[in-house]
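Colleague: Would you mind keeping the following structure in view while I ask a few things?
There are 2 protein chains.
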Amino acid sequence: MTELENCMESLITLFHRYADEDGDGSTLSKKELKKLMENELPTFLKCQKNPKTVDNILKDLDQNKDDKLSFEEFLPLIVGLSMACEKCYVLHQKKKSKK
Amino acid sequence: MTELENCMESLITLFHRYADEDGDGSTLSKKELKKLMENELPTFLKCQKNPKTVDNILKDLDQNKDDKLSFEEFLPLIVGLSMACEKCYVLHQKKKSKK
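Chains A and B supply the protein sequences, listed in that same order. Numbers 1 to 99, taken from UniProt numbering, label the letters of the first sequence in order. Numbers 1 to 99, taken from UniProt numbering, label the letters of the second sequence in order.
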């Protein structure tokens with residue numbers, strides 16, 4: 001598999017690893033989302049001062065208002081974080097090339 | 001780094017590896033997108049019967065119509081492919097559990 005294919009497989013298996021913890025394997029409950037973010041996005045979570053970060057993220061992403069995230073609803077979190085990280089990456093590369 | 005962090009880093013560095021090939025490192029030209037898809041999504045590309053697949057994808061994703069893809073414009077491709085793959089993954093898991 002290529003790097004990009006590996007990356008998409010990771011997203012899928014990782015989502016299901018956490019989603020499968022309760023009876024409903026197709027969605028992340030709030031508890032499962034919290035665990036996923038604590039384990040997989042610890043740096044991001046530590047930077048958040050609001051203790052309700054996970055609740056707010058769930059509310060923002062939960063399009064059908066069932067208090068759970070499907071894979072489709074979960075992906076915008078990864079897109080948003082990747083976009084933010086990419087901006088930092090570009091700034092960092094510019095700084096490096098100036099040296 | 002966690003698996004998810006690695007995955008986001010992969011998306012960013014991979015995009016820039018191809019975007020940096022011509023003078024403009026912040027976007028993928030059609031040629032760069034074609035190369036990225038040929039190298040990183042060979043299985044997907046082989047299944048497409050339309051020889052204009054790359055052109056059509058560029059047209060679909062290119063929101064500001066500059067014939068190039070920024071990282072932000074590129075991400076929906078990964079989201080769309082991941083969503084399609086996840087549907088197959090779920091079907092496959094269901095079949096496995098029935099056996």
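Every residue, glycine too, gets a C-beta built ideally from N, C-alpha and C.
(1) Per DSSP, what kind of secondary structure is serine 70 of chain A in: helix, strand or coil?
(2) Since lysine 68 of chain B contacts threonine 27 of chain B with CB under 8 Å, what's their CB separation in whole angstroms?
(3) Count the other CB atoms within 10 Å of the CB of alanine 19 of chain A; is the residue buried (16 or more) or exposed (fewer)?
(4) For the segment 58 to 75 of chain B, enumerate the residues whose C-beta is nearer than 8 Å to any C-beta of chain A, in chain order.
(5) Between A:Lys87, A:Leu61 and A:Cys88, which lies nearest to leucine 77 of chain A when the distance is taken from Cα to Cα?
(6) Alpha carbon to alpha carbon, what distance is there between lysine 95 of chain A and isoleucine 21 of chain A?
(7) Is DSSP giving leucine 28 of chain B helix, strand or coil here?
(8) Against leucine 14 of chain A, what residues of chain B qualify as contacts under a CB-to-CB distance less than 7 Å, listed in chain order?
(9) What residue from A:Glu5, A:Met1 and A:Ser10 has the CA that sits closest to glutamate 3 of chain B's CA?
(10) With burial defined as no fewer than 16 other Cβ atoms inside 10 Å of the residue's Cβ, what is the status of glutamate 38 of chain B: buried or exposed?
(11) So, is the C-beta of valine 54 of chain B closer than 8 Å to a C-beta in chain A?
(12) Do you know how far the Cα of asparagine 56 of chain B is from the Cα of lysine 49 of chain B?
(13) Please tell me whether lysine 30 of chain A and leucine 58 of chain A are closer than 8 Å, where the distance is taken between their beta carbons.
(14) If you draw a straight line from the C-alpha of alanine 84 of chain A to the C-alpha of serine 70 of chain B, how long is it?
(15) Under the three-state reduction of DSSP, which class applies to glutamate 21 of chain A: helix, strand or coil?
(16) Flag this pair as yes or no: are the beta carbons of valine 79 of chain A and valine 79 of chain B separated by less than 8 Å?
(17) Taking 8 Å as the threshold (C-beta atoms), are glycine 23 of chain A and histidine 16 of chain A in contact?
(18) How is leucine 36 of chain A classed by DSSP in three states: helix, strand or coil?
(19) Report the rounded CA-to-CA distance for leucine 45 of chain A versus phenylalanine 44 of chain B, giving the unit in angstroms.
(20) What is the rounded straight-line gap between the Cα of leucine 33 of chain A and the Cα of proline 51 of chain A?
(21) Going along chain A, which residues have a C-beta under 8 Å from leucine 41 of chain B?
Modeller: In this structure, then:
(1) strand
(2) Yes, lysine 68 of chain B and threonine 27 of chain B are in contact; Cβ-Cβ is about 4 Å, under 8 Å.
(3) buried
(4) So the list reads Phe71, Glu72 and Leu75, given in the order they occur along the chain.
(5) Ranking A:Lys87, A:Leu61 and A:Cys88 by Cα distance to leucine 77 of chain A puts A:Leu61 first.
(6) It should be noted that the sequence gives glutamate, not isoleucine, for residue 21 of chain A. When rounded, the distance between both Cα atoms is 43 Å.
(7) Strand, per DSSP.
(8) Those within 7 Å of leucine 14 of chain A in chain B are Glu3 and Leu4.
(9) A:Ser10
(10) exposed
(11) no
(12) 12 Å
(13) Going by C-beta atoms, lysine 30 of chain A is nearer than 8 Å to leucine 58 of chain A.
(14) Looking at the backbone, the Cα of alanine 84 of chain A and that of serine 70 of chain B are separated by about 13 Å.
(15) coil
(16) Annotated as proximal: valine 79 of chain A and valine 79 of chain B, with beta-carbon spacing under 8 Å.
(17) no
(18) Here leucine 36 of chain A sits in helix by DSSP.
(19) 35 Å
(20) 14 Å
(21) Per Cβ cutoff of 8 Å: Thr2, Leu4 and Glu5.
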